[in-house]
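**Student:**
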Amino acid sequence: MRCVTVNDADRHSHAAGKVPGMINTLSPQALSLLANELRLSILGMLTEAKSGHPGGSLSTIDILTALWFKEMRGVDSPDQLKTDRDRFILSKGHAVPALYAILAKKGFIPESELKNLRRTGSPLQGHPDRMRIPMVEASTGSLGQGMSVAQGMALGLRMNGKQSMIYCMIGDGEMQEGQIWECALSAPKFELSNLVVILDSNGGQIDGPVEKVMPLAPIVDKWRAFNWNVIEINGHDMNEIVAALGETRRAYESGSKKPVFILAHTVKGKGVSFMEGKIEWHGVAPKPDENLRAQAEIKTAMQALRQTS
Amino acid sequence: MSKATRQAFGESLAKLGEQYPEIVVLDADLSKSTKSEIFAKKFPDRFFEMGIAEANMIGTAAGLSFVGKIPFLCSFGCFLTGRYDTIRLSVSYSNANVRLIGTHAGVGIGDDGHSQMGLEDIALMRALPQMGVFQPMDAMETELLMEYLVKDWKGPAYVRLTRQNLPDLYPAQTPFRPGKLLEVLPSSTPPEVIAIASGAGVGEAVTAAKLLAAQGVSMSVWNAHSLKPFDDEMTVELAQKARLIITVEDHSVIGGLGSCVADALATSFKAQAKLVRFGVQDLFGQSGEPAELYDLYGISGAAIARRVTEVLPQLK
Numbered sequence: 000m001r002c003v004t005v006n007d008a009d010r011h012s013h014a015a016g017k018v019p020g021m022i023n024t025l026s027p028q029a030l031s032l033l034a035n036e037l038r039l040s041i042l043g044m045l046t047e048a049k050s051g052h053p054g055g056s057l058s059t060i061d062i063l064t065a066l067w068f069k070e071m072r073g074v075d076s077p078d079q080l081k082t083d084r085d086r087f088i089l090s091k092g093h094a095v096p097a098l099y100a101i102l103a104k105k106g107f108i109p110e111s112e113l114k115n116l117r118r119t120g121s122p123l124q125g126h127p128d129r130m131r132i133p134m135v136e137a138s139t140g141s142l143g144q145g146m147s148v149a150q151g152m153a154l155g156l157r158m159n160g161k162q163s164m165i166y167c168m169i170g171d172g173e174m175q176e177g178q179i180w181e182c183a184l185s186a187p188k189f190e191l192s193n194l195v196v197i198l199d200s201n202g203g204q205i206d207g208p209v210e211k212v213m214p215l216a217p218i219v220d221k222w223r224a225f226n227w228n229v230i231e232i233n234g235h236d237m238n239e240i241v242a243a244l245g246e247t248r249r250a251y252e253s254g255s256k257k258p259v260f261i262l263a264h265t266v267k268g269k270g271v272s273f274m275e276g277k278i279e280w281h282g283v284a285p286k287p288d289e290n291l292r293a294q295a296e297i298k299t300a301m302q303a304l305r306q307t308s
Numbered sequence: 000m001s002k003a004t005r006q007a008f009g010e011s012l013a014k015l016g017e018q019y020p021e022i023v024v025l026d027a028d029l030s031k032s033t034k035s036e037i038f039a040k041k042f043p044d045r046f047f048e049m050g051i052a053e054a055n056m057i058g059t060a061a062g063l064s065f066v067g068k069i070p071f072l073c074s075f076g077c078f079l080t081g082r083y084d085t086i087r088l089s090v091s092y093s094n095a096n097v098r099l100i101g102t103h104a105g106v107g108i109g110d111d112g113h114s115q116m117g118l119e120d121i122a123l124m125r126a127l128p129q130m131g132v133f134q135p136m137d138a139m140e141t142e143l144l145m146e147y148l149v150k151d152w153k154g155p156a157y158v159r160l161t162r163q164n165l166p167d168l169y170p171a172q173t174p175f176r177p178g179k180l181l182e183v184l185p186s187s188t189p190p191e192v193i194a195i196a197s198g199a200g201v202g203e204a205v206t207a208a209k210l211l212a213a214q215g216v217s218m219s220v221w222n223a224h225s226l227k228p229f230d231d232e233m234t235v236e237l238a239q240k241a242r243l244i245i246t247v248e249d250h251s252v253i254g255g256l257g258s259c260v261a262d263a264l265a266t267s268f269k270a271q272a273k274l275v276r277f278g279v280q281d282l283f284g285q286s287g288e289p290a291e292l293y294d295l296y297g298i299s300g301a302a303i304a305r306r307v308t309e310v311l312p313q314l315k
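Line order of the protein sequences matches chains W and R. Using numbering that gives the first Met the number 0, the first residue of the first sequence is number 0, and each one after it goes up by one. Using numbering that gives the first Met the number 0, the first residue of the second sequence is number 0, and each one after it goes up by one.
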């Protein structure tokens with residue numbers, strides 16, 4: 000089933016087979032350090048924009064850092080937009096400052112553009128827009144939609160004979176959308192082991208704690224019952240994140256037929272003491288003085304990380 | 000000869016599948032009704048049965064298009080366009096190169112009643128930037144439109160098709176001019192009335208024209224296969240040639256062909272003609288015999304002719 004051979008109609012790729020790109024050798028400590036550097040960038044751009052979503056951006060950034068700087072192949076230079084590459088879709092589109100921080104660090108967005116987040120005329124829209132930013136594979140922001148798009152890409156790339164992995168991050172509040180469950184049913188049917196859905200389970204949504212707004216438990220049981228390969232991790236422990244992503248790729252390469260669901264337990268606002276676990280920081284940007292305090296805290300944490308590494 | 004446009008679609012899709020390996024087809028448990036099963040049987044590896052889950056089908060098709068496929072996704076028009084937010088973001092805003100195929104257009108499906116009738120699908124799709132909106136009038140035009148959509152169209156498009164058979168009306172040896180109005184029934188004398196019709200409405204307009212001719216009223220009939228882009232220019236030109244323009248469609252007049260023509264006339268400084276819109280008038284559909292329903296909703300040839308003869312004296 001994996002390599003259905005049809006005429007290669009993928010406009011963006013020519014060479015079939017393995018996705019090129021160096022395997023990144025950054026250590027978990029180095030990745031954590033990098034994630035914290037990106038936290039500074041996220042807070043900076045949100046403060047400039049005076050609006051946006053710090054809580055969910057900070058909860059995702061450790062996982063995104065591991066993906067983009069360690070696990071994903073073919074996402075290091077613009078010419079790879081035309082070749083084989085792994086793909087990432089941020090279905091919880093409101094966390095896009097985290098993705099912008101990564102794309103700027105990788106050179107897909109000029110660093111100088113970050114200060115224009117959410118400004119009229121800037122390509123940095125409040126939610127991801129695939130027509131404006133390279134490597135943004137899907138336009139998202141209306142929750143529940145990105146996972147189906149990721150599924151379509153996984154199907155299409157497999158038909159084209161590619162061995163690309165497709166990663167999709169969803170939020171826990173987002174799991175309340177019906178379309179998520181439609182896709183939860185269909186991806187196992189199509190045996191999409193090249194599809195990895197990562198749940199950023201930070202426990203909060205706009206109207207309150209997820210378990211009060213609309214309970215999701217038991218999450219692991221639900222996805223196992225839907226025939227997904229489920230891995231549960233601490234979404235801020237870089238060792239666990241890297242191990243889970245590695246296990247996922249090995250399962251794909253050794254012929255697993257199941258899509259993967261990674262339940263990542265995270266903390267909203269992670270890294271900033273006065274934001275951590277606070278739902279009021281879901282969609283409010285820090286003021287300049289709050290930003291300074293937050294940046295100081297993160298820099299202290301980075302100092303500590305450097306000493307241990 | 001007459002054929003349902005869904006049937007012509009299914010046959011044409013299976014034929015195009017030979018030449019275009021990038022075509023893939025998705026259906027939501029209605030492949031027997033939408034006629035995508037013809038493709039499914041011929042190319043099982045390129046057909047995806049998505050089950051009764053339209054939103055997921057729409058998003059999946061968008062993803063397939065982003066890696067170079069040309070997906071056709073099929074369901075009843077009302078079920079497909081009912082997943083509006085998914086079409087709005089994952090398809091329209093994303094400029095996904097997908098073809099949304101909505102069958103079972105209008106009250107013309109008859110017995111199954113309102114819940115299965117596409118009655119505001121054109122209105123919904125027209126409101127989305129980048130979305131092309133098309134409705135062929137017969138089998139030949141469906142085939143020509145399908146070729147155009149595979150060879151030349153880029154970006155998202157919605158195609159509205161009928162359950163019921165429609166008469167062959169496409170003039171022989173006539174090239175397909177995308178986006179343009181096409182005269183299908185000229186009047187023998189300069190027309191007092193010009194009908195602009197779409198889909199199943201074209202056949203009813205032709206019937207009306209014949210009934211009116213017998214009463215000494217000349218009416219020509221034009222077909223609009225493209226609701227977006229819409230041929231404003233020719234519409235305004237026609238409105239300078241006759242005293243009365245009528246529109247005929249099996250769809251709500253709100254946002255459908257009636258609105259396309261009203262918009263064109265109202266924003267033109269040249270158009271003189273008055274407008275009467277035949278279609279479903281801000282009403283729900285219901286079960287019944289298609290012919291009876293067309294009478295009831297005032298869109299049968301006879302009902303149109305009757306109403307035109309009532310209106311014309313008021314314009315003198």
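Don't be surprised by glycine CBs; every beta carbon is placed ideally from N, CA and C. Just so it is clear, the structure is predicted and the values come from calculations on it, not from any experiment.
Taking only beta-carbon atoms, is R:L15 less than 7 Å away from chain W?
**Tutor:** Walking along the second sequence from the start, residue 15 of chain R turns up at place 16. Chain W, which has no Cβ nearer than 7 Å to the Cβ of R:L15, makes this no.
**Student:** Where DSSP assigns a beta bridge to W:K267, which residues make up the other side?
**Tutor:** Within the first sequence, numbered from 1, the residue matching residue 267 of chain W stands at position 268. BP columns for W:K267 are empty, so no partner.
**Student:** So R:G107 and R:P228 are in contact, right, with Cβ under 8 Å, and what is the actual spacing, rounded?
**Tutor:** Here the question's residue 107 of chain R lines up with position 108 in the second sequence. Here the question's residue 228 of chain R lines up with position 229 in the second sequence. With 8 Å as the limit, R:G107 and R:P228 do not qualify as a contact, their Cβ atoms being about 25 Å apart.
**Student:** Under three-state DSSP, which class holds R:Q214?
**Tutor:** Residue mapping note: residue 214 of chain R aligns to position 215 of the second sequence, counting from 1. If DSSP states are grouped into helix, strand and coil, R:Q214 belongs with coil.
**Student:** Taking only beta-carbon positions, decide if W:G325 is within less than 7 Å of chain R.
**Tutor:** Examination of residue 325 of chain W is not possible in this model, given that chain W is present from 0 through 308 alone.
**Student:** Are the Cβ atoms of W:I309 and W:M146 separated by less than 7 Å?
**Tutor:** No information on residue 309 of chain W is available, as it lies outside the stretch 0 to 308 that chain W covers here.
**Student:** Would you report the Cα separation of W:T46 and W:T82, rounded to the nearest angstrom?
**Tutor:** Along the first sequence, read from residue 1 onward, the residue named residue 46 of chain W stands at position 47. Along the first sequence, read from residue 1 onward, the residue named residue 82 of chain W stands at position 83. If I take the Cα positions, the gap works out to 36 Å.
**Student:** Could you tell me the boundaries of the alpha helix (DSSP H) in which R:Q66 lies?
**Tutor:** As a first step, residue 66 of chain R must be located in the second sequence, where it is residue number 67. At residue 66 of chain R the sequence reads Val, which differs from the Gln that was named. Unbroken run through R:V66: none, as it is neither H nor E.
**Student:** What I want to know is whether the C-beta of W:G151 ends up closer than 6 Å to one or more non-hydrogen atoms of the ligand MN.
**Tutor:** The ligand MN is not part of this structure, which contains no ligands at all.
**Student:** R:V247 and R:N204 - do their beta-carbons sit closer together than 7 Å?
**Tutor:** Within the second sequence, the letter at position 205 stands for residue 204 of chain R. Within the second sequence, the letter at position 248 stands for residue 247 of chain R. Note on identity: in this sequence residue 204 of chain R is Ala, with Asn being the wrong assignment. Yes, the pair counts as a contact, with Cβ atoms nearer than the cut-off.
**Student:** If we ignore side chains and look at the alpha-carbon of each, how far apart do W:K269 and W:G55 end up?
**Tutor:** For the purposes of this step, residue 269 of chain W is identified with residue 270 of the first sequence, where counting begins at 1. For the purposes of this step, residue 55 of chain W is identified with residue 56 of the first sequence, where counting begins at 1. Roughly 9 Å separates the two Cα atoms.
**Student:** Can you tell me whether W:E279 is helix, strand or coil according to DSSP?
**Tutor:** Locating residue 279 of chain W in the first sequence gives position 280, counting from the first residue. It is helical.
**Student:** Roughly how many angstroms separate the alpha carbons of R:I244 and R:I193, rounded to a whole number?
**Tutor:** Within the second sequence, residue 244 of chain R is the residue found at index 245, counting from 1. Within the second sequence, residue 193 of chain R is the residue found at index 194, counting from 1. So the two alpha carbons sit approximately 5 Å from each other.
**Student:** Quick check on DSSP: helix, strand or coil for W:L194?
**Tutor:** Start at 1 with the first residue of the first sequence, and residue 194 of chain W comes out as number 195. W:L194: strand per DSSP, three-state reduction.
**Student:** Please list, in chain order, all residues of the same chain as W:Q28 whose beta carbon is under 8 Å from its beta carbon, the five residues on each side excluded.
**Tutor:** Residue mapping note: residue 28 of chain W aligns to position 29 of the first sequence, counting from 1. Around W:Q28: M237, L304, T307, S308.
**Student:** Where W:E252 and W:D75 are concerned, what is the direct C-alpha to C-alpha distance, given to the nearest angstrom?
**Tutor:** Here residue 252 of chain W refers to the residue found at position 253 of the first sequence. Here residue 75 of chain W refers to the residue found at position 76 of the first sequence. Distance between the alpha carbons of W:E252 and W:D75 is about 22 Å.
**Student:** Would you call the stretch 185 to 195 of chain W in contact with the stretch 117 to 127 of chain W, where contact means no fewer than 3 C-beta pairs closer than 8 Å?
**Tutor:** No, the stretch 185 to 195 of chain W is not in contact with the stretch 117 to 127 of chain W.
**Student:** For the alpha helix (DSSP H) containing R:L318, name the first residue and the last one.
**Tutor:** Any question about residue 318 of chain R goes unanswered here, given that chain R covers just 0 to 315.
**Student:** Going by DSSP in three states, R:A171 sits in which element: helix, strand or coil?
**Tutor:** Translated into the one-based positions of the second sequence, residue 171 of chain R becomes position 172. Reduced to three states, the DSSP call for R:A171 is coil.
**Student:** Using the beta-carbon of each residue, which ones in chain W are nearer than 9 Å to R:T85?
**Tutor:** Numbered from 1 along the second sequence, position 86 holds the residue referred to as residue 85 of chain R. Chain W residues near R:T85: S141, G143, Q144, S147, Q178.
**Student:** Report yes if the CB atom of W:L37 is closer than 7 Å to the CB atom of W:I60, and no otherwise.
**Tutor:** What you label residue 37 of chain W is simply residue 38 of the first sequence in a count that begins at 1. What you label residue 60 of chain W is simply residue 61 of the first sequence in a count that begins at 1. Yes, these two residues count as a Cβ contact at 7 Å.
**Student:** Compile a chain-ordered list of the residues in the stretch 113 to 133 of chain W whose CB is closer than 7 Å to at least one CB of chain R.
**Tutor:** Answer in chain order: R129, M130.
**Student:** Considering only their Cβ atoms, is the gap separating R:V149 from R:L15 smaller than 7 Å?
**Tutor:** What you label residue 15 of chain R is simply residue 16 of the second sequence in a count that begins at 1. What you label residue 149 of chain R is simply residue 150 of the second sequence in a count that begins at 1. Taking 7 Å as the Cβ cut-off, R:L15 and R:V149 qualify as a contacting pair.
**Student:** Does any C-beta atom of chain R lie closer than 7 Å to the C-beta of W:G151?
**Tutor:** As a first step, residue 151 of chain W must be located in the first sequence, where it is residue number 152. W:G151 counts as touching chain R.
**Student:** Counting only Cβ pairs nearer than 7 Å, list the residues of chain R close to W:L42.
**Tutor:** Position 43 of the first sequence, counted from the start, is the residue given in the question as residue 42 of chain W. Under the 7 Å cutoff, chain R gives no residues; its nearest Cβ is about 28 Å from W:L42.
**Student:** Rounded to the nearest angstrom, how far is the Cβ of R:I121 from that of R:G255, given a contact under 8 Å?
**Tutor:** Here residue 121 of chain R refers to the residue found at position 122 of the second sequence. Here residue 255 of chain R refers to the residue found at position 256 of the second sequence. Indeed they touch by this definition, with Cβ atoms about 5 Å apart.
**Student:** Quick one: any contact between the stretch 0 to 11 of chain R and the stretch 126 to 133 of chain R, if contact means 3 or more CB pairs under 8 Å?
**Tutor:** Because the criterion of three Cβ pairs below 8 Å is not met, the stretch 0 to 11 of chain R and the stretch 126 to 133 of chain R do not touch.
**Student:** Under 8 Å Cβ-Cβ, which residues of chain W neighbour R:L63?
**Tutor:** Locating residue 63 of chain R in the second sequence gives position 64, where the first residue counts as 1. Near R:L63 (Cβ distances below 8 Å), the residues of chain W are G151, M152, L154, G155.
**Student:** At a CB distance below 8 Å, what residues from the stretch 282 to 302 of chain R approach chain W? Give them in sequence order.
**Tutor:** Result list empty, no residue passes.
**Student:** Could you tell me the distance, in whole angstroms, from the CA atom of R:L237 to the CA atom of R:P190?
**Tutor:** Locating residue 237 of chain R in the second sequence gives position 238, counting from the first residue. Locating residue 190 of chain R in the second sequence gives position 191, counting from the first residue. When rounded, the distance between both Cα atoms is 10 Å.
**Student:** Taking the C-alpha atoms as reference points, what is the distance between R:P185 and R:M218?
**Tutor:** Residue numbering aside, residue 185 of chain R sits at position 186 when the second sequence is read from its first letter. Residue numbering aside, residue 218 of chain R sits at position 219 when the second sequence is read from its first letter. Cα-Cα distance, rounded: 8 Å.
**Student:** Within this structure, are the beta carbons of R:G101 and R:L79 separated by less than 7 Å?
**Tutor:** As a position in the second sequence, residue 101 of chain R is number 102, starting the count at 1. As a position in the second sequence, residue 79 of chain R is number 80, starting the count at 1. Yes, the pair counts as a contact, with Cβ atoms nearer than the cut-off.
**Student:** Just how far apart, CA to CA, sit W:N226 and R:P166?
**Tutor:** Taking the first sequence and counting its residues from 1, one reaches residue 226 of chain W at position 227. Taking the second sequence and counting its residues from 1, one reaches residue 166 of chain R at position 167. Distance between the alpha carbons of W:N226 and R:P166 is about 49 Å.
**Student:** Scan the stretch 85 to 99 of chain R for residues whose Cβ lies nearer than 8 Å to a Cβ of chain W and list them as they occur along the chain.
**Tutor:** Listed by position, the residues of the stretch 85 to 99 of chain R near chain W (Cβ gap below 8 Å) are T85, R87, L88, S89, Y92, S93, N94.
**Student:** Could you say if the stretch 69 to 77 of chain R and the stretch 204 to 214 of chain W meet the contact criterion of at least three C-beta pairs nearer than 8 Å?
**Tutor:** At 8 Å Cβ cutoff, the stretches do not touch.
**Student:** Measuring straight from C-alpha to C-alpha, what distance separates W:K105 and R:L144?
**Tutor:** Your numbering for residue 105 of chain W matches position 106 in the first sequence. Your numbering for residue 144 of chain R matches position 145 in the second sequence. Taking the straight line joining both Cα atoms gives about 44 Å.
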